[in-house]
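Per this note's numbering, the sequence shown runs over residues 20 to 360. For glycine and all other residues, C-beta sits at the position ideal for the given N, C-alpha and C. Report on one structure; see the data block that follows.
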Amino acid sequence: MSHPSPQVKPFNPSNPRVFFDVDIGGERVGRIVLELFADIVPKTAENFRALCTGEKGIGPTTGKPLHFKGCLFHRIIKKFMIQGGDFSNQNGTGGESIYGEKFEDENFHYKHDREGLLNMANAGRNTNGSQFFITTVPTPHLDGKHVVFGQVIKGIGVTRILENVEVKGEKPAKLCIIAECGELKEGDDWGIFPKDGSGDSHPDFPEDNWEMAVKKYAKVLRYVDSSKAVIETADRAKLQPIALSCVLNIGACKLKMSNWQGAIDSCLEALEIDPSNTKALYHRAQGWQGLKEYDQALADLKKAQEIAPEDKAIQAELLKVKQKIKAQKDKEKTVYAKMFA
């Protein structure tokens, strides 16, 4: 008979704790900390713990390191689960346990009654290897079929970000990678928050660190996107101002970094949210100037001026662009004059 899963995090302080640092599309999105239920399923928990540390060396079946580092989340099904652990083939067909290719189902003590439960993936009874999945919703139809052997105790937001990654079928469109993994011993810092009381998973960035600022705003956007999936349709509009603000700030940071095309792309994204946003038009005009596309810049500023005719900053930028266009034409005249002199 299966029992309800633990509601306390962690459930047993003596159980092992491990972590995944997750990258999506080459960008670090955060850390997942997991408690392994060694008090209930010691063999299954030990398999996973050792695969997190990589301490068992090379697997005799696969010829690959018995280690999750560099392993993909190869299968994602929204409102169901995220799956990984195939360190040999990276597609769901490979992997092996520390005990050999497969090992038996230890027990089915816990139910699949909530999100954040860590389970063994299998191809039927007694076919556990290295592949695992984390539930994103209750999945009672899996009770008695898959071994629940752990739970997410920190970083559930990262699992939600993974759950909402764009997929083609069940395969993520971007690489979702366990970039780092390991065991957290008693007294170890979990690496979730800096010790400054801010609750922010990034340390404060020094002045003018625009790249770090972009990462912070992008992180907020990911949480906004994942929130849209779990709130009522009527409430989703309330998230739009947050998304717009983040996109505009990302564009402004990219201007500071002289990433002109990146700034233009961010402003285009902002204009898709709010087509009459003068700040987006103004910043996009600055991006066009960086690329020396002055006619494009002029068009954006004229549109911004139509929306906000009294805005002094727009007026000044418009004058500056007109001067640049004149200077460019004068230069061209000089070049042509020399050619035909």
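Across the set Glu185, Gln308 and Ile59, the C-alpha of Ile59 shows the shortest separation from the C-alpha of Asn31. In this structure the segment 77 to 95 touches the segment 188 to 200; the number of beta carbon pairs closer than 8 Å is three or more.
Taking C-beta separations shorter than 6 Å and ignoring five residues to either side along the sequence, the partners of Asn145 in its chain run Glu123 and Asp124, following chain order. Taking each of Lys352, Thr297 and Lys97 in turn and checking the Cα distance to Lys187, the smallest one comes out for Lys97.
For Arg179, the enclosing alpha helix (DSSP H) starts and ends at Ile175 to Glu182. Taking Arg179 as the centre and dropping the five residues before and after it, the same chain places the C-beta of Ser245 closer than 6 Å to its C-beta, in chain order. At a Cβ-Cβ threshold of 7 Å, Ser149 and Glu189 do not count as neighbours.
Annotation for Glu46: the continuous beta strand (DSSP E) segment containing it runs Glu46 to Leu55. Secondary structure within the segment 138 to 205: the beta strand (DSSP E) runs of 3 or more consecutive residues, fully enclosed, are 151 to 154, 167 to 173 and 195 to 203 (chain order). Bridge pairing for Val41: Gly49 and Ile197 [DSSP]. Around Val233, the same chain offers Ile269 and Cys272 as residues with beta carbons nearer than 6 Å, after the five sequence neighbours per side are excluded. The Cβ-Cβ distance between Gly73 and Pro61 does not fall below 7 Å. By a beta-carbon distance limit of 8 Å, Phe56 contacts Phe168. Their separation comes to about 5 Å.
The residue from Pro328, Ile95 and His86 with its alpha-carbon nearest to that of Ser107 is His86.
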